[in-house]
Amino acid sequence: MIDSAEKLKDILKEKGYKLTPQRRAVLDTIINNQGKHLSTEEVYDYVKKNCPEIGLATVYRTLQLLDDLGIITKINLDDGCARYELNINSDDHQHHHLICTKCGAIIEVEVDLLDHLEAEIEKNYKFEIKDHKVKFFGLCSKCQ
Ligand SMILES: [Zn+2]
Ligand SMILES: [Zn+2]
Ligand SMILES: [Zn+2]
9 MIDSAEKLKD
19 ILKEKGYKLT
29 PQRRAVLDTI
39 INNQGKHLST
49 EEVYDYVKKN
59 CPEIGLATVY
69 RTLQLLDDLG
79 IITKINLDDG
89 CARYELNINS
99 DDHQHHHLIC
109 TKCGAIIEVE
119 VDLLDHLEAE
129 IEKNYKFEIK
139 DHKVKFFGLC
149 SKCQ
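Quick note, the sequence shown lines up with residues 9 to 152 if you use my numbering.
If you want it as structure tokens, here you go:
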């Protein structure tokens, strides 16, 4: 995980962006909270602890930049706010999200269960699949 964090920081430098303390703080927050799908406001709350002078607008712009560079991915989990997660293997397909409609828990499915479906689509529609976003809605084990 430390390796990938360093790799991401290199990408930023390669594209000509300076790793300012604010950008570093935002990136570190995402890296240290993997699997939490933080919203812009949540990232801001974390970053403020180490960078009290940072503004919400800066956090917002930094997240946009990291998204544009493919370092993080914006995900929409239908709870009314944009959330972000690290995009470590950019050629890999996005993992699937299970969303509990009662308590809002978000569970990640690490395996790509769509290989068979993808092969079928690629064959029948002559469509080359690069990625997908799959959300399953239902009740988590605690809410059943
Ligand atoms: Zn896939
Ligand atoms: Zn639940
Ligand atoms: Zn996720």
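Ideal Cβ positions, reconstructed from N, Cα and C, are used throughout, including at glycine.
The model shown is predicted, which means the values in this text are computed figures rather than measured ones.
Compute every distance between the C-beta of residue i and the non-hydrogen atoms of ligand 3, then say whether any falls below 7 Å.
i           : result
residue 101 : no
How many whole angstroms separate the CB atoms of residue i and residue j, which I take to be in contact at a CB cut-off of 8 Å?
i           : j           : result
residue 121 : residue 104 : 7 Å
residue 68  : residue 37  : Wrong, their Cβ atoms sit about 13 Å apart, outside the cutoff.
residue 78  : residue 95  : 6 Å
residue 140 : residue 83  : In fact, because the Cβ distance is near 12 Å, the residues do not count as touching under 8 Å.
residue 107 : residue 144 : 7 Å
Answer yes or no: the CB of residue i versus the heavy atoms of ligand 1, is any distance below 7 Å?
i           : result
residue 126 : yes
residue 120 : yes
residue 140 : yes
Within 7 Å: the Cβ of residue i and any heavy atom of ligand 2?
i           : result
residue 106 : no
residue 147 : yes
residue 150 : yes
residue 65  : no
residue 110 : yes
residue 33  : no
Going by DSSP, what residue range makes up the alpha helix (DSSP H) through residue i?
i           : result
residue 124 : 123-133
residue 1   : Residue coverage of the chain in this structure runs from 9 to 152, which leaves residue 1 outside it and unanswerable.
residue 54  : 48-58
residue 68  : 64-76
Please classify residue i: is it buried, with 16 or more other beta-carbons within 10 angstroms of its beta-carbon, or exposed?
i           : result
residue 157 : No statement about residue 157 is possible, as the shown extent of the chain runs from 9 to 152 and does not include it.
residue 33  : buried
residue 71  : buried
residue 137 : exposed
residue 54  : buried
residue 20  : buried
residue 133 : exposed
Would a check of beta-carbon distances place residue i closer than 8 Å to chain C?
i          : result
residue 83 : Structure shown: chain C not included; a single protein chain is present.
Can you list every residue whose CB sits closer than 5 Å to some heavy atom of ligand 3, going in chain order?
93, 116
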